[in-house]
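Take a look at the structure set out below.
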Amino acid sequence: MKFWKYHGLGNDFVLFEDFKSEIPADPEFVRYICDRHFGIGGDGILYIRKDAEADAYMKIMNSDGSEAEMCGNGIRCFAKHLYDFGIVKSEKMKINTLGGIKYIDVKAENGIAKEVSVNMGAPYLEVKDIPMNGNGRFINKKITAAGMEITGTAVGMGNPHFVTFQDLNDEDILKLGPVLEKHEMFPRKTNVEFVTAKEDYLDVKVYERGAAWTNACGTGACATAVAATLVGICPTGKDIAIHLPGGTLSINVKNDYSSVQMTGPAEMVFEGEINW
87 MKFWKYHGLG NDFVLFEDFK SEIPADPEFV RYICDRHFGI GGDGILYIRK DAEADAYMKI
147 MNSDGSEAEM CGNGIRCFAK HLYDFGIVKS EKMKINTLGG IKYIDVKAEN GIAKEVSVNM
207 GAPYLEVKDI PMNGNGRFIN KKITAAGMEI TGTAVGMGNP HFVTFQDLND EDILKLGPVL
267 EKHEMFPRKT NVEFVTAKED YLDVKVYERG AAWTNACGTG ACATAVAATL VGICPTGKDI
327 AIHLPGGTLS INVKNDYSSV QMTGPAEMVF EGEINW
């Protein structure tokens, strides 16, 4: 089977062209492929499949074998592959996901996608839509985890996120990541963002649901920007720089919260074949 290895700010993926939906997606296969010692290595697998409503369907599997609704860094890599290999010839494209259809703008140079901008759609703010247990919205409220009270905001970006701006030391952050991911308030688990607000950017560490600590998380960057506007740290309608361990994404939250725009790079690392 032919594959391609991509990364978006160090968040890396194995990509398969799976137009006939024949390539395995079971947990055993996924964990083997994503294993960095015995497989190819990656935070997840992206499958290009046909779709009746969009230019392509992106199936996303996390490295632990679970399926993800959406992946911001993954969709930029996915769009780059569609464009660079002529699967979609337009710089504007629609990609369907488990989290809904996303609208893409590719910025290309000499026929190669250099930057990808994604309309990530409207954020989910009602807890029932995130999903999270409870009613209404969860903005700047407390939950208990690992014996600590953590103040945070819940945001859905097609997948669940818990964003905290609380001042925590590195030891607490390392302990809280996996505990919050599996917190009983989140029936489908959650991604977790630990954020420090700087003068002109937000510094973010992400514990990704199903993948643990990652160099970057596109939906996490979007959720962070949304949460920052909800608690009054950043304005809507302006580009917000989100610094992640792997690099920086630009996020713009529309004034009426009708959409979130994410812009950033995607890179192909190598291609190869693997027997299974």
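Numbering (my numbering), first residue to last: 87 to 362. The C-beta atom is built at its ideal place from N, Cα and C for all residues, glycine as well.
Measuring only the C-alpha atoms, how far is residue 193 from residue 330?
Walking along the sequence shown from the start, residue 193 turns up at place 107. Walking along the sequence shown from the start, residue 330 turns up at place 244. Each residue's Cα considered, the two are about 22 Å apart.
Is there contact between the stretch 89 to 108 and the stretch 158 to 178, where contact requires at least three CB pairs shorter than 8 Å?
yes
Beta-carbon proximity check, residue 353 vs residue 93, cutoff 7 Å
Here residue 353 corresponds to residue number 267 of the sequence shown, with the count starting at 1. Here residue 93 corresponds to residue number 7 of the sequence shown, with the count starting at 1. Yes, the pair counts as a contact, with Cβ atoms nearer than the cut-off.
Among the residues of its own chain, which have a CB less than 7 Å from the CB of residue 265, if the five just before and after it don't count?
Residue numbering aside, residue 265 sits at position 179 when the sequence shown is read from its first letter. Hits under 7 Å: 231 and 232.
Below 8 Å, how does it come out for the stretch 176 to 188 and the stretch 306 to 317: are there three or more Cβ pairs, yes or no?
Result no; under three Cβ-Cβ pairs closer than 8 Å.
Inspect the CB distances between the stretch 248 to 257 and the stretch 266 to 282 and report whether three or more fall short of 8 Å.
yes
So what does DSSP say about residue 114, is it helix, strand or coil?
The sequence position of residue 114 within the sequence shown is 28, counting from 1. The three-state secondary structure of residue 114, taken from DSSP, is helix.
Entirely enclosed beta strand (DSSP E) segments - the stretch 99 to 143, minimum 3 residues
If only uninterrupted beta strand (DSSP E) runs of at least 3 residues are considered, those enclosed by the stretch 99 to 143 are 130 to 135.
Beta-bridge partners of residue 268, as assigned by DSSP
The count along the sequence shown starts at 1 and reaches residue 268 at position 182. BP columns for residue 268 are empty, so no partner.
By how many angstroms is the C-alpha of residue 113 removed from the C-alpha of residue 149?
For the purposes of this step, residue 149 is taken as residue 63 along the sequence shown, with counting starting at 1. For the purposes of this step, residue 113 is taken as residue 27 along the sequence shown, with counting starting at 1. When rounded, the distance between both Cα atoms is 9 Å.
Do the stretch 123 to 132 and the stretch 292 to 310 make contact, defined as three or more Cβ pairs closer than 8 Å?
Because the criterion of three Cβ pairs below 8 Å is met, the stretch 123 to 132 and the stretch 292 to 310 touch.
Let me confirm a value: residue 355 is counted as buried when at least 16 other C-beta atoms fall within 10 Å, else exposed. Which label applies?
One-based indexing of the sequence shown puts residue 355 at position 269. The residue in question, residue 355, is exposed, as its Cβ has fewer than 16 Cβ neighbours within 10 Å.
Enumerate in chain order the residues of its own chain whose CB-to-CB distance from residue 205 is below 7 Å, with the five nearest sequence positions on each side excluded.
As a first step, residue 205 is located in the sequence shown; it is residue number 119 there, counting from the start. Around residue 205: 188, 189, 345 and 347.
As a quick exercise: from 274, 239, 177 and 362, pick the residue whose alpha carbon is nearest that of residue 245.
On the sequence shown, residue 245 is found 159 positions in, with the first residue counted as 1. Here the closest residue by C-alpha is 274.
How should residue 291 be labelled, buried or exposed, when 16 other C-beta atoms within 10 angstroms of its C-beta is the threshold for buried?
Position 205 of the sequence shown holds residue 291. Buried.
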